[in-house]
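> For what it's worth, this note's numbering labels the leading residue of the sequence shown as 100, then goes sequentially. For every residue, glycine included, the Cβ atom is placed at its ideal position computed from N, Cα and C. Being a predicted model, the structure only gives us computed values, none of them experimental.
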Amino acid sequence: MKKIHKKNLFRSTSASTQTGVALITVLMVFAIASVIAAKIIVTKVLDTQRTTGLINRTQAYYYALATEELAILALQEDIKNDRDCNAEKEFCVDHLLEESWATGPYQYEIDSIGLSTVKIIDLDRYYNLNNILTDGSEINLDELERFRGLLRGLELDERLADNLRDWLDRDDQVHGNQSDGNAYEQLQPGYRVANRSLIDLSELRLVQGFTSEVMNLLIPHVVVLPSQAFMVMPININTASSATLMTLTKSRTGANSAEEEGISATEADDIVSARLPYRSVQELIDLQLIKELNSSTLLSNGVLMPRMSVQSTTYQINIITDYAGSRAYLSTVVQFLNEGSELNFTVLSRNEANNAARFL
100 MKKIHKKNLF RSTSASTQTG VALITVLMVF AIASVIAAKI IVTKVLDTQR TTGLINRTQA
160 YYYALATEEL AILALQEDIK NDRDCNAEKE FCVDHLLEES WATGPYQYEI DSIGLSTVKI
220 IDLDRYYNLN NILTDGSEIN LDELERFRGL LRGLELDERL ADNLRDWLDR DDQVHGNQSD
280 GNAYEQLQPG YRVANRSLID LSELRLVQGF TSEVMNLLIP HVVVLPSQAF MVMPININTA
340 SSATLMTLTK SRTGANSAEE EGISATEADD IVSARLPYRS VQELIDLQLI KELNSSTLLS
400 NGVLMPRMSV QSTTYQINII TDYAGSRAYL STVVQFLNEG SELNFTVLSR NEANNAARFL
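(1) With a threshold of 8 Å on Cβ separation, who are the neighbours of T478 within its own chain once the five nearest residues in sequence on each side are excluded?
(2) Using CA coordinates, which residue listed in S133, V125, I220, D193 is at the minimum distance from Q415?
(3) Taking the C-alpha atoms as reference points, what is the distance between T124 and I131?
(4) By DSSP's criteria, F444 is part of a beta bridge. Which residues make up the other side?
(5) CB L303 to CB M314, shorter than 8 Å?
(6) Can you tell me whether F458 is buried or exposed, with buried defined as 16 or more other CB within 10 angstroms of its CB?
(7) Whose C-beta lies closer than 6 Å to the C-beta of Q410 among residues of the same chain, with five residues either side of it excluded?
(8) Could you give the distance in angstroms between the alpha-carbon of E312 and the alpha-carbon of L255?
(9) To the nearest angstrom, how far is the alpha carbon of Q175 from that of D271?
(10) Can you round the beta-carbon distance between N450 and S425 to whole angstroms, since I take them to be within the 8 Å contact cut?
(11) Using 8 Å as the threshold, is the segment 255 to 265 in touch with the segment 275 to 291, meaning 3 or more CB pairs across them?
(12) Please check the pair T412 and Y226, which I expect to be a contact at CB under 8 Å, by giving their CB distance rounded to whole angstroms.
(13) What does the alpha-carbon distance come out to for the pair G119 and F129?
(14) Nearest by alpha-carbon distance to A423: which of K143, V141, N155 is it?
(15) Thinking C-alpha only, which one of S350, Y283, D421, L344 is nearest L214?
(16) Go to L214, then tell me how far its alpha helix (DSSP H) extends in each direction, as first and last residue.
(17) Looking only at its own chain, which residues have a Cβ that is under 7 Å from the Cβ of A170, when we skip the five neighbours before and after it?
(18) Could you check where the beta strand (DSSP E) with N417 kicks off and where it finishes?
(19) Enumerated in chain order, which unbroken segments of the alpha helix (DSSP H) with a length of 4 residues or greater are wholly contained in the segment 238 to 292?
(20) Taking buried to mean at least 16 other C-beta atoms within 10 Å of its own C-beta, is G252 buried or exposed?
(21) Which residues in the same chain as I238 place their Cβ atom closer than 8 Å to its Cβ, once the five residues preceding and following it in sequence are excluded?
(22) How would you label R406, buried or exposed, when you count the other beta carbons within 10 angstroms and need 16 or more for buried?
(23) Tell me the rounded alpha-carbon separation between N93 and N454.
(24) Please report the Cβ distance between Y162 and I209, rounded to the nearest whole angstrom; I am assuming they are in contact, meaning their Cβ atoms lie under 8 Å.
(25) With a Cβ-Cβ cutoff of 8 Å, do F246 and L222 count as a contact?
(26) For R378, tell me which candidate among T151, A456, I336 has the shortest Cα-Cα distance.
(27) In angstroms with no decimal places, state the Cα-to-Cα distance between G353 and I384.
(28) Restricting to runs no shorter than 3 residues, where is the beta strand (DSSP E) found entirely within the segment 324 to 399?
(29) Any idea if A136 is buried or exposed, counting beta-carbon neighbours within 10 angstroms, 16 or more meaning buried?
(30) On the premise that I334 lies in contact with T343, defined as a C-beta separation below 8 Å, what is that separation, rounded to the nearest angstrom?
(31) For S395, collect the residues of the same chain with a Cβ closer than 7 Å to its Cβ; drop the 5 residues on either side in sequence, then sort them by chain order.
Have a look at this one:
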């Protein structure tokens, strides 16, 4: 019988083991390298997609700005047409029945891979809540009563007007219900009253009593616009809703009386029913639908500011732009500056929040 040498056997087994370990090591190195390479590729793909998305989002925003300029041009053309019309002894006013800028939304195609949608809203149809704090940074009681009339028209608690007063004014005197500074500081989390004009409608949610239900009823009739001292933003009687028109008042006992009361829902409906539209505020007054209708607010400096107009000067341009799968929102508030023959608009604010609700 042939003898097997143990020394050779051990040597053969050891070589096989080393070869197997080397193969496993190579496979592990290859696997690790593959994982690293895959991770690098995925990271690069995600970075490329992210960069492409940012570029497309930026491009969409700039197309939105271009659409904003186009909307301003449309408003300028409307004002020019009104001026030419009035120069021919006709009366051209702003209303929502036939105005081309108000019949949107309009859509514009962008390079066959995008779409920009724009809708212009007349903000003079709403009551500006900052009218309440216009009298040299003090509460204007006449304007406060006008807001109270709107609350009545919407069947909301009139004491909300006093809560808002405490939020706006600078004194520590309490007029509303648990609406002083100490009441807010004791909340969890606590915060301080603003003691200044409103910046955005959403700020009302911080004011005592302005619940989501109240906001849903109120928002369709109010707006927050910057108001300079001793200025009141009039409402356009040709575009305002019946509830907004209830911010108008009449004298209690006569034209020279300092006491005022709000007009009723029926009287507001009569104003809406009679507009064809109105060619001037005086035309509404001459109809005598409402006896002793107060058309202006007396400020503490002795200046009378009109409460009503038949033309609009402030607009919100709402834009949604889709470009190569990216979307940009833009809501721009612009105001017409009546400076001679120039048709200039100034931008009061821009907001990039979702404004899809404005297109409903």
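Per the coordinate set shown:
(1) Outside the modelled stretch of the chain, which goes from 100 to 459, sits residue 478, for which no answer is possible.
(2) I220
(3) 10 Å
(4) According to DSSP, residue pairing for F444 in a beta bridge involves F435.
(5) yes
(6) exposed
(7) V192, D193
(8) 10 Å
(9) 46 Å
(10) The pair is not a contact, with the Cβ atoms about 18 Å apart (cut-off 8 Å).
(11) yes
(12) Not confirmed; about 15 Å, so no contact.
(13) 15 Å
(14) N155
(15) When each option's Cα is compared against that of L214, the closest is D421.
(16) From DSSP, L214 is part of no alpha helix (DSSP H) but of the beta strand (DSSP E) over 213 to 221.
(17) V217, I219, I416
(18) 413 to 422
(19) 240 to 252, 259 to 267, 280 to 284
(20) So G252 counts as buried.
(21) Closer than 8 Å at the Cβ level, and outside the excluded window around I238, lie I231, L232, R264, L267, D268.
(22) buried
(23) What is shown of the chain runs 100 to 459, which leaves residue 93 out entirely.
(24) The Cβ separation is near 6 Å, so the contact holds.
(25) Pairing F246 with L222 gives a Cβ-Cβ distance that is not under 8 Å.
(26) I336
(27) Residue confidence for G353 is low, a pLDDT of 48 falling below 50, so the modelled location carries little weight; the figure read from the coordinates is stated next. Going by the C-alpha atoms only, they are around 15 Å apart.
(28) 348 to 350, 359 to 361, 395 to 397
(29) That one is exposed.
(30) 6 Å
(31) L403, M404, P405, R406
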